[in-house]
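This report refers to the structure that appears directly beneath it.
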Amino acid sequence: MPAVFTLLVQSFLGLTALGIVAVFLTAHFSAVPVKYNLKSVFIRWRSTVATVVGIALVVLVYVLLQSLAVGIEKSNASTGDPRNILIARKGATAESSSLVTRAQLRTLQYFEEIERNAAGDPVISADVLTLASLPRKGQGGEANVLLRGVTPRGMELRPQVHLVAGRWFSPGRREIVVSRKLAGRFANFDVGDTFKTGPTTLTVVGWLDGSGSAYDSECWMDADESRSVFEREMYSTFLVRPKSPEAATNLIRRIESDKRLQLRAESETGYYQKQTLTAAPIKWLAGFLALTMSIGAVFAAMNTMYAAVGARTREIGTLRVLGFHRRNVIATFLLEGILLAMLGGALGCLISLKWNGYTTATLSVESFSETVFSFTITPTLAAQGMFFAAALGFWGTLLPAVRAARLPVISALKAL
Amino acid sequence: MTLGGFILKNALRNKRRALLSVLSVGVSLFLFITLQVALRELTLPPEDLGSSLRIIVRNKVSLASPLPARQLQVIEKIPGIAAVTPFTFFGGLYKGDEKFTSFAQFAVDPARVKDVIVDAKMDPAEYAAWVADRTLCIVGLDTARRYNLKRGDRMQFTGTFYPCDLDLRIAGFYHGTADDRTVFFHHRYLDEASGNPGTVGCWWALASSAEEAALVTARINEAFANSSAEVRAETERAFQLGFISMWANIKVLIGSICTVVVFTLLLVTVSTMSMAIRERFRELAVLKALGFRRRELLGFILAESFGLSMLGAILGAGGAWLLYRNLDIQKLANGVFLAFEVTPRMLGMAFAIAALLGILSAIAPALSVARTSVVEGLRTLD
Numbered sequence: 003m004p005a006v007f008t009l010l011v012q013s014f015l016g017l018t019a020l021g022i023v024a025v026f027l028t029a030h031f032s033a034v035p036v037k038y039n040l041k042s043v044f045i046r047w048r049s050t051v052a053t054v055v056g057i058a059l060v061v062l063v064y065v066l067l068q069s070l071a072v073g074i075e076k077s078n079a080s081t082g083d084p085r086n087i088l089i090a091r092k093g094a095t096a097e098s099s100s101l102v103t104r105a106q107l108r109t110l111q112y113f114e115e116i117e118r119n120a121a122g123d124p125v126i127s128a129d130v131l132t133l134a135s136l137p138r139k140g141q142g143g144e145a146n147v148l149l150r151g152v153t154p155r156g157m158e159l160r161p162q163v164h165l166v167a168g169r170w171f172s173p174g175r176r177e178i179v180v181s182r183k184l185a186g187r188f189a190n191f192d193v194g195d196t197f198k199t200g201p202t203t204l205t206v207v208g209w210l211d212g213s214g215s216a217y218d219s220e221c222w223m224d225a226d227e228s229r230s231v232f233e234r235e236m237y238s239t240f241l242v243r244p245k246s247p248e249a250a251t252n253l254i255r256r257i258e259s260d261k262r263l264q265l266r267a268e269s270e271t272g273y274y275q276k277q278t279l280t281a282a283p284i285k286w287l288a289g290f291l292a293l294t295m296s297i298g299a300v301f302a303a304m305n306t307m308y309a310a311v312g313a314r315t316r317e318i319g320t321l322r323v324l325g326f327h328r329r330n331v332i333a334t335f336l337l338e339g340i341l342l343a344m345l346g347g348a349l350g351c352l353i354s355l356k357w358n359g360y361t362t363a364t365l366s367v368e369s370f371s372e373t374v375f376s377f378t379i380t381p382t383l384a385a386q387g388m389f390f391a392a393a394l395g396f397w398g399t400l401l402p403a404v405r406a407a408r409l410p411v412i413s414a415l416k417a418l
Numbered sequence: 577m578t579l580g581g582f583i584l585k586n587a588l589r590n591k592r593r594a595l596l597s598v599l600s601v602g603v604s605l606f607l608f609i610t611l612q613v614a615l616r617e618l619t620l621p622p623e624d625l626g627s628s629l630r631i632i633v634r635n636k637v638s639l640a641s642p643l644p645a646r647q648l649q650v651i652e653k654i655p656g657i658a659a660v661t662p663f664t665f666f667g668g669l670y671k672g673d674e675k676f677t678s679f680a681q682f683a684v685d686p687a688r689v690k691d692v693i694v695d696a697k698m699d700p701a702e703y704a705a706w707v708a709d710r711t712l713c714i715v716g717l718d719t720a721r722r723y724n725l726k727r728g729d730r731m732q733f734t735g736t737f738y739p740c741d742l743d744l745r746i747a748g749f750y751h752g753t754a755d756d757r758t759v760f761f762h763h764r765y766l767d768e769a770s771g772n773p774g775t776v777g778c779w780w781a782l783a784s785s786a787e788e789a790a791l792v793t794a795r796i797n798e799a800f801a802n803s804s805a806e807v808r809a810e811t812e813r814a815f816q817l818g819f820i821s822m823w824a825n826i827k828v829l830i831g832s833i834c835t836v837v838v839f840t841l842l843l844v845t846v847s848t849m850s851m852a853i854r855e856r857f858r859e860l861a862v863l864k865a866l867g868f869r870r871r872e873l874l875g876f877i878l879a880e881s882f883g884l885s886m887l888g889a890i891l892g893a894g895g896a897w898l899l900y901r902n903l904d905i906q907k908l909a910n911g912v913f914l915a916f917e918v919t920p921r922m923l924g925m926a927f928a929i930a931a932l933l934g935i936l937s938a939i940a941p942a943l944s945v946a947r948t949s950v951v952e953g954l955r956t957l958d
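Protein sequence lines correspond, in order, to chains A and B. Those letters in the first sequence? Residues 3 to 418, by this note's numbering. Those letters in the second sequence? Residues 577 to 958, by this note's numbering.
Okay, here's the thing in structure tokens:
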């Protein structure tokens, strides 16, 4: 069913695009001056403004919702280092729900595919991820925050994360470095503050920044300290750096085929790109709203354009007498409708830019914790919005334009 | 011709425009109702009889941290508690689902859960069979219907939080709770499969009376204060609302979309309706010349635009009501939405918006009709 539906939507969009191109071509060659359309548009300014603003709002809703989905996806897509391999328990759908053992760590340490550092130790970091329910600022209630217990090696493997205030935690102390973006949303997240999680009190000693990656939604502390605070016997995941891309392929194959390990390995970037569950419902909502709102908008645009055709019956008769063909009349009205709608589209895109980069947050379905991301309006998205507007204009004007072209010349001239 | 007949004739004179106006109001109100229903469903958890009595106890750190199983002896003895059961979210992937399973699976103590989920109705023989065999499970009727499950069928789940999988057989079905989607199975099965960690996810308890509930939560919190596993006990209602507040700004987002939709609708409809009147300026001037008063003309205009927008509301809001009543929303939305109920309040709001629409779109043309003299009106070309 979805495949057929997608095909239908695609062919519909293709048809619309073809129609719009045809209109521009015909209008270009037929030489009913565009100035004529522009002037007509502004003579009936009241209904023009209503139509333009209506379409602008429809495009605005679509672009803003899609920009949320793009923001979540971009934050995931820009997370991780392509050279790193993330190893988690088979079946775990998120880092925080994965559990790996010390025995597995010992086995992995001897894999020769893994890079050694200057001291001769394997470059492998065993992280501990826990969720802490913490109060938001103001009246926002509580939300889960992802706490990552991280080793010095794990910090080297994630160069995207850097300190922007205070200092890093010292091992063996109950200290934590929180994300700067989370600090804007949660209570007691300023440097020097303390907060309680269960019976333990943690001191915030610094702020980190993840350069727009998913790490912006994390707080970091010492891995061993985290295991003792949360009474965790096991680690959550391993992050390793293989010696070379070939070694990486071998390593993934070796881990996946080892039945004793029961682990799954994939590139760190690949893992984060697959985190699409949170953005999916937003995209679905955007699509649904675009569809329903555009139906309403097309009806309204049709109404406006029918009225425009009705009021300009004599002009149409004149055009025909002057020798313009029916197709020219259709093209000129369609052009007018599309330009009007695109004006609305441009307005909608412009208004949406006001939110570009604005940071917001929701519950990540994968990690079950607060995830921060920004409204991200890309050129592609703006182009989509403009095309959407043009399509609205096209379908809203098609029938009225055909009606205009069909008016008999003589009676059109006689009309008052 | 009666006055009513005159208005009706006028409204339907341009049938295409009347239809388009009614449809655009209808579509927008349909959208408005749909968003409202979705918002309500996402932010207002369903309730049943036991909701006001049930208490949920979780680890104070977060829902993801387990609690020691030994806490049971302490909770049981707390005065005001009628029943308590371990309640562990398994969160497995049902066989066939790739990324996401929309119904929950909970590991419980079968002997105890009956006294906590008091609304669940089960066949006594099926219940007895379930209690006796630890590999059996009880399935909510909605889920059973959705997947066409029969007694004795196998249900397999892949663990996502738990490093083990489940292979269960269905002992029977339950119904009558606010959410008949869940699968319940033996906590002992989970303990054995995950290597007896001696932990549970949550405790679910039932207070002996609604007045006791608040006192009981305080007593539970106190009992474990300053222990290694501090707890957060709260009523089911508070627990669900806390869960919802984690969605953060999404709620505000849908709310503001609703506003934008209504505003767009107002704008566009007001414009088209006013246009319909403006086109008839000359006729209105004729009527004026014939001796109709201003307020009568206003009445004509108002009646027409009001009638059209009300018709739109009946189509859009009524259509949504009919559609969501007869639609199997659980099957359609992959089990994400449960009831998708259109409440009388939403219908009322939709009709209020339509009424406002009718009045607003009559104001501008009515004013200009009132202001223009007969001569000017007769001269108008637009």
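Even glycine gets a Cβ: it sits at the ideal position worked out from N, Cα and C.
Item, Value
"Continuous alpha helix (DSSP H) stretch holding H763 (chain B): start and end", "H763 to A769"
"N-terminal and C-terminal residue of the alpha helix (DSSP H) that V323 (chain A) is part of", "T315 to V323"
"Best match in B:T610, B:D743 and B:L625 for proximity to L618 (chain B) [C-alpha to C-alpha]", "B:T610"
"Neighbourhood of I583 (chain B) by C-beta, 8 Å cutoff - its chain only, sequence neighbours within 5 removed", "F876, A879, E880 and G883"
"Test: I340 (chain A) CB closer than 7 Å to a CB of chain B", "no"
"Sub-7 Å separation of A942 (chain B) and S885 (chain B) beta-carbons", "no"
"Option nearest F240 (chain A) by Cα separation, candidates A:G174, A:K92 and A:T50", "A:K92"
"C-alpha distance - V707 (chain B) paired with L136 (chain A), whole-angstrom precision", "38 Å"
"As assigned by DSSP and simplified to three states, the class of C740 (chain B)", "coil"
"T775 (chain B) versus A134 (chain A): straight-line alpha-carbon distance, rounded", "18 Å"
"CA nearest to the CA of L383 (chain A), picked from A:R46, A:V72 and A:G16", "A:V72"
"Alpha helix (DSSP H) segments (min. 4 residues) lying fully within the region 149 to 214 of chain A", "154 to 158 and 182 to 185"
"For P35 (chain A), the three-state DSSP class (helix, strand or coil)", "coil"
"Contact set between the region 200 to 223 of chain A and chain B, restricted to residues whose Cβ is under 8 Å from the partner", "G200 and P201"
"Spatial distance of Y64 (chain A) from S181 (chain A) (CA atoms)", "30 Å"
"For Y670 (chain B): DSSP bridge partner residues", "B:F733"
"Reference T278 (chain A); option with closest CA among A:S296, A:S369 and A:I254", "A:S369"
"Reduced DSSP category for T280 (chain A) - H, G, I as helix; E, B as strand; rest coil", "coil"
"Where the alpha helix (DSSP H) through V130 (chain A) begins and ends", "Here V130 (chain A) belongs to no alpha helix (DSSP H); instead the beta strand (DSSP E) covers I126 to P137."
"R91 (chain A) at chain B interface by Cβ criterion, 7 Å", "yes"
"4-residue-minimum alpha helix (DSSP H) runs that sit fully inside the region 232 to 297 of chain A, ordered along the chain", "247 to 259 and 270 to 275"
"Closer than 9 Å at the beta carbon, the chain B residues around A414 (chain A)", "In chain order: nothing, as chain B lies at least about 16 Å away."
"Option in B:S638, B:G895 and B:D718 with minimal Cα separation from S98 (chain A)", "B:S638"
"Proximity test, Cβ basis, 7 Å: M3 (chain A) and chain B", "Because M3 (chain A) sits at a pLDDT of 47, beneath the cut-off of 50, its placement in the model cannot be relied upon, and the point is left open."
"Alpha-carbon spacing of K183 (chain A) relative to A799 (chain B), whole angstroms", "36 Å"
"The region 401 to 412 of chain A contacting the region 858 to 873 of chain B, beta-carbon criterion three pairs below 8 Å", "no"
"8 Å contact criterion, which R85 (chain A) and R243 (chain A) should meet: CB distance rounded", "6 Å"
"Uninterrupted alpha helix (DSSP H) stretches inside the region 598 to 657 of chain B (no shorter than 4 residues)", "647 to 653"
"Straight-line gap, L20 (chain A) to T8 (chain A) (C-alpha atoms, nearest Å)", "18 Å"
"Outcome for D218 (chain A) when other beta-carbon atoms lying within 10 angstroms are tallied against a minimum of 16", "buried"
"Cut-off 7 Å between Cβ atoms - residues of its own chain near A393 (chain A), not counting five sequence neighbours on either side", "T18"
"Local Cβ density within 10 Å of T835 (chain B), reported as buried at 16 or more and exposed below that", "exposed"
"Contact under 7 Å by Cβ, V759 (chain B) with V828 (chain B)", "no"
"Boundaries (first-last residue) of the beta strand (DSSP E) holding S376 (chain A)", "E372 to S376"
"Counted within 10 angstroms of its Cβ, other Cβ atoms place K591 (chain B) as buried (16 or more) or exposed", "exposed"
"First and last residue of the uninterrupted beta strand (DSSP E) at T796 (chain B)", "For the sequence presented, residue 796 (chain B) should be read as Ile rather than Thr. Note, I796 (chain B): premise wrong, no beta strand (DSSP E); alpha helix (DSSP H) at A786 to A799."
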